[in-house]
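Since the structure comes first, as structure tokens, the remarks are kept for the end.
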Amino acid sequence: MRFRHAKLLLLVALGLSLLVSLGADRIDAYVLFVLYNIGIYIILAVSLNLINGYTGQFSLGHAGFMAVGGYTAAVITNQFGALNPFASGALFFGALLAGGLLAAVAGLLVGLPTLRLKGDYLAIVTLGFGEIIRVIFQNMDRVGGARGLSVMHGYTNFFWTFGMAAVTVYVVTALVHSTYGRGFIAVRDDEIAAEAMGINTTKYKVTAFVVGAFFAGIAGGLYAHSTQFLTPGGFNFMQSIAIVVMVILGGMGNTPGVILAAILLTLLPEGLRWMAGVEHLPGIAKMHPLGWIGDTRMIIYSLLLIVLMLTRPQGLFIWRRKFRNAPP
Amino acid sequence: MTATATIENDLLKAERLTIRFGGLTAVSNLDLLIRRNELVGLIGPNGAGKTTVFNLITGVYQPAEGEILFDGQSVVGSKPYRITARGIARTFQNIRLFSSLSVFDNVRTVFHLHLRGDVRHALWRGRAFLDEEKSIADRVVELLEIFHLEKLRDAPAKSLSYGDQRRLEIVRALAAQPKLLLLDEPAAGMNANEKTDLMRLIQFIKDRFRISVLLVEHDMQVVMGICERIVVLDYGVKIAEGTPDEVRKNPKVVAAYLGD
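Structure follows, in structure tokens:
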């Protein structure tokens, strides 16, 4: 049994993120922003991995859950405003939780009626759901509609981002590494056999959706208070795809791989920006030979994805296990 | 034997079981009785409705008419996973293991039926959880040892040989601690030696775990060799029932298998 000192590891991770958070004012604002994005995408990818990777339910609606959490948390903090540091920490935590819970309710609502569907059909329905959420926010005047919603307080810091990422990794790993949790993988491997072996497959699938949606909601809250501006367009279909790509590239049902993929795919466009985005960095423009790349960085990013998918379809970070072939 | 004794001795009793798919009556007015600790064979030519009977008993299909009593209570309308929890476990004609899980985890997964704790246990990972996981691991290993699979415990199920996969499927079904084990063509694709081993294994399971077995099988040698009672289906209708000798001599059975 691996994963033995899980709770201890979680506490260490929380402590470390608190420590870094206290010294965060020495870190460059841009670097910090990228770090927050990494943490947020770790939460999104690891939680989606529970649905897509471990339970084998192809969901394309993660950005929708993220939107529910983001808007909910933003409306709450905008309403109650700035308080003293301690109270604002508590407020932010409450807002994140509320966002997560509302996203979980959305997960339940989508989950129950649609989980009779499998594979492509489920993917299409969850995709439709994500778009519905986006369009609802787009037409909701209370949150600014298509103009977007400014979030007044930049509460997101290193502690909350990476603390929540650690909690997400802990919860997903703890779930899967238990007799109860092997049921998720059983559902993925063979649903008929799982049902015949006494596994309530519907309940497992809904659980995966609710837990996954909850953490997507939390990530949405963190995102809202990091960028401090929400537009419905930020939660479109491409956002969902970006998270799915992280899961596939990391290897379905391989949490460490998915974390690495989330880090890599968040850094990649940033790295390309640094290398080529000379129009944003006029001082470097002259001495930089790759300036011609300019805004084609997203094309390079897409090309890299295609190459990665073609060469390692099983995931970048799936290593060969023992017993790959039949043992003697 | 008195009437009450008979009822207590009946484990599964199906009465007037009927199911139709469109215009086809796949199983018609079938009565089936399985007593405690009894090994019953269900045979018949291709398409006779044997696997359909399995699917009716395990809740995959709902009968159009008729009743299935298990341990004195109806299982009609129950979901498959509930029926398994009540004590009916099965294997599949085409092996259906959890292919990416290890041999150990294939069996362990089924133990969730007997878990006392739930999700909160798994998340908190306290003493109670660790103790329970430990005791489950011990029981899984014990089961694997009985069937000589312990050496393969960490191998993914898909890497096992065909015969080992068949055996693992039976072990997995036994992990549900069933009162009735349904085996769907376990001898399919086996050679004569493997069939002999299988017959010994089924006999052993019945004696060791004191359970009833319903065996669907094509292979006459296997069925005649171990079953105490045999039910013969043809076109969804029971055409004969009795000991292997009685069934062998029954002219209707001969006609069904060899043609008139």
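Protein sequence lines, in the order shown, are assigned to chains A and B. All residue numbers for the first sequence refer to our numbering, where the first residue is 9 and numbers rise by one. All residue numbers for the second sequence refer to our numbering, where the first residue is 1226 and numbers rise by one. Ideal Cβ placement from N, Cα and C applies to all residues, glycine included.
Pick from the options that is closest to residue i, judged by C-alpha positions
i	options	result
B:D1235	B:S1437, B:N1475, B:Q1446, B:A1310	B:S1437
A:A75	A:E203, A:V253, A:G138, A:A98	A:G138
B:F1336	B:L1264, B:A1400, B:Q1446	B:A1400
B:S1299	B:T1316, B:R1315, B:L1281	B:L1281
B:G1467	B:L1458, B:P1476, B:R1454	B:R1454
A:A227	A:A111, A:T239, A:M205, A:G261	A:A111
A:V113	A:V266, A:V219, A:I249, A:L280	A:V219
A:T181	A:G323, A:I35, A:L56, A:L26	A:L56
B:E1410	B:R1333, B:P1270, B:R1307	B:P1270
A:I50	A:V118, A:L324, A:G258, A:T215	A:G258
B:Q1318	B:L1377, B:I1244, B:L1408	B:L1408
B:D1343	A:R190, A:T122, A:F167, A:N262	A:R190
B:V1456	B:V1265, B:N1254, B:E1233, B:L1249	B:V1265
B:G1388	B:R1350, B:R1397, B:K1420, B:G1302	B:K1420
A:L17	A:A194, A:Q322, A:V179, A:A232	A:V179
Inter-residue spacing [alpha-carbon to alpha-carbon] between residue i and residue j
i	j	result
B:A1413	B:D1444	8 Å
A:V184	B:V1252	41 Å
B:V1479	A:S67	54 Å
B:I1430	B:I1395	9 Å
A:I314	B:I1361	44 Å
A:V151	A:L157	6 Å
A:T304	A:L311	11 Å
A:G107	A:G78	6 Å
A:H70	A:M260	16 Å
A:L30	A:A21	14 Å
A:A53	A:A250	9 Å
B:G1450	B:D1432	16 Å
A:L349	B:R1261	In the structure as shown, chain A begins at 9 and stops at 336. Residue 349 of chain A is therefore absent and cannot be evaluated.
A:Q87	A:Q236	14 Å
A:L275	B:L1322	40 Å
A:A32	A:S186	37 Å
A:A221	A:T80	14 Å
A:V177	B:L1439	45 Å
B:G1484	B:K1477	10 Å
B:L1374	B:L1393	8 Å
A:G102	B:T1334	36 Å
A:V133	B:L1294	40 Å
B:R1364	B:S1327	16 Å
A:T63	A:A173	20 Å
Exposure of residue i, with buried meaning 16 or more beta-carbon neighbours within 10 Å
i	result
A:N208	buried
A:I307	exposed
A:P93	exposed
B:F1246	exposed
A:T319	exposed
B:D1356	exposed
A:I200	exposed
A:I35	exposed
A:A95	exposed
B:E1358	buried
A:Q247	buried
B:G1274	buried
B:N1418	exposed
B:V1472	buried
B:P1381	buried
Proximal residues to residue i (C-beta, below 8 Å), its chain only, five neighbours per side dropped
i	result
A:S234	F41, Y44, N45, I48, G162, T164, T169
B:L1258	D1235, L1237, K1238, A1239
Cβ neighbours of residue i in the same chain (closer than 6 Å, five flanking residues each side left out)
i	result
B:T1277	A1251, V1252
B:D1256	E1240
A:G72	F137, G138, I141
A:L3	What the structure shows of chain A is the stretch from 9 to 336, and residue 3 of chain A is not part of that stretch, so it cannot be assessed.
A:V28	F166
Residues near residue i in its chain [Cβ-Cβ closer than 7 Å; skip 5 each side]
i	result
B:P1403	G1312, I1313, A1314, I1436
A:N60	F66, S67, V252, V255, M260
A:Y309	L276, P277, L280
Proximity test, residue i beta-carbon vs the ligand ZN heavy atom, cut-off 7 Å
i	result
B:G1248	Among the ligands in the structure shown, none appear at all, so the ligand ZN cannot be discussed.
ask   = Closer than 7 Å, Cβ to any Cβ of chain A: which residues of the segment 1262-1287 of chain B, in chain order?
value = T1283
request  = May I ask you to list, following chain order, the residues of the segment 182-206 of chain A that have a beta carbon less than 7 Å from some beta carbon of chain B?
outcome  = A182, L183, S186, T187, Y188, G189, R190, G191, I193, A194, D197, D198, I200, A201, E203, A204, M205, G206
Members of the segment 11-28 of chain A near chain B, C-beta cut-off 8 Å = A14, K15
inquiry  = Short of 7 Å Cβ to Cβ, which residues in the segment 207-228 of chain A face chain B?
reply    = I207, N208
inquiry  = Against chain A, which members of the segment 1439-1465 of chain B pass a CB distance test of less than 7 Å?
reply    = none
Members of the segment 31-42 of chain A near chain B, C-beta cut-off 8 Å = none
inquiry  = So if I threshold CB-CB distances at 8 Å, which residues from the segment 135-166 of chain A count as touching chain B?
reply    = none
message = Please list, in chain order, the residues of the segment 109-130 of chain A that have any C-beta partner in chain B closer than 7 Å.
response = none
key: Short-range partners of chain B found in the segment 166-181 of chain A, where Cβ spacing is below 7 Å   = V179
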